Amino acid sequence: MIPQNHPDARLSHFLQTFGFTRILRAAGIHKQAVGISPVVIIQFLLGLIFTQRNFWRWLATRKPQEIPFGKDIPYHFLNDPLWNWREVLSRVGHLRKLSNGSEH
C-alpha cells in the first residue's frame, strides 16, 4: 500500500480530483493498443517531473521487470498526431487555482 503522503499517491489523488480522465477523453486521448491507460502514463511522466528525475536515468536504475511498460511507450504517447494536446492544455488551464484554494 502506498502511504498517503507518497508523491504517487498525491499525484493520483490530484488527477482523480480534477477529472483528468475526462480531460484526456475529451481530447481524444484513449487507451492505447498496448492496453496502458493514458492516466497511468501521464501520472508516471508527471511523477518524474515533480521528483526531478530524468526518464533515461530512471530506466538505467531499474531492472527490466520493474518497468511497467516499454521505453518507447511515453514517446509514442506524447507524439501521437491524432491526439489533441491543445485541448488538454486548454482544459487544464481552466482548472481552479491550486495555490490558494480559491475558485474562479
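As numbered in full-length UniProt numbering, residues 1 to 104 make up the sequence shown, in order. By construction, the Cβ of each residue, glycine as well, lies at the ideal position given by its N, Cα and C atoms. Remember, it's a predicted structure, so these values are computed and weren't measured experimentally.
Assuming residue i and residue j are in contact, meaning their beta carbons sit under 8 Å apart, how far apart are those beta carbons, in whole angstroms?
| i | j | result |
| --- | --- | --- |
| L82 | G28 | 7 Å |
| L15 | Q43 | 6 Å |
| A26 | R86 | 12 Å between Cβ atoms; not a contact. |
| F50 | L11 | 7 Å |
Nearest to residue i by alpha carbon, out of the options?
| i | options | result |
| --- | --- | --- |
| residue 184 | N54, K31, P68 and F14 | Given that the chain is displayed from residue 1 to residue 104, the structure contains no residue 184 and the question cannot be resolved. |
May I have the straight-line CA-CA distance separating residue i from residue j, to the nearest angstrom?
| i | j | result |
| --- | --- | --- |
| P3 | L45 | Only weak support is given to the placement of P3: the predicted model assigns it a pLDDT of 40, under 50, and the value that follows is read from those uncertain coordinates. C-alpha separation (whole angstroms): 20 Å. |
| H13 | L48 | 16 Å |
| P38 | P68 | 13 Å |
| H104 | P64 | At H104 the pLDDT is 47, less than 50, meaning the model places this residue with poor confidence and gives no usable figure here. |
| P74 | V40 | 10 Å |
| residue 107 | R62 | Summary: the structure shown does not reach residue 107, with the chain confined to residues 1 through 104, and so no result is reported for it. |
| K71 | W58 | 11 Å |
Does DSSP put residue i in a helix, a strand or coil?
| i | result |
| --- | --- |
| R86 | helix |
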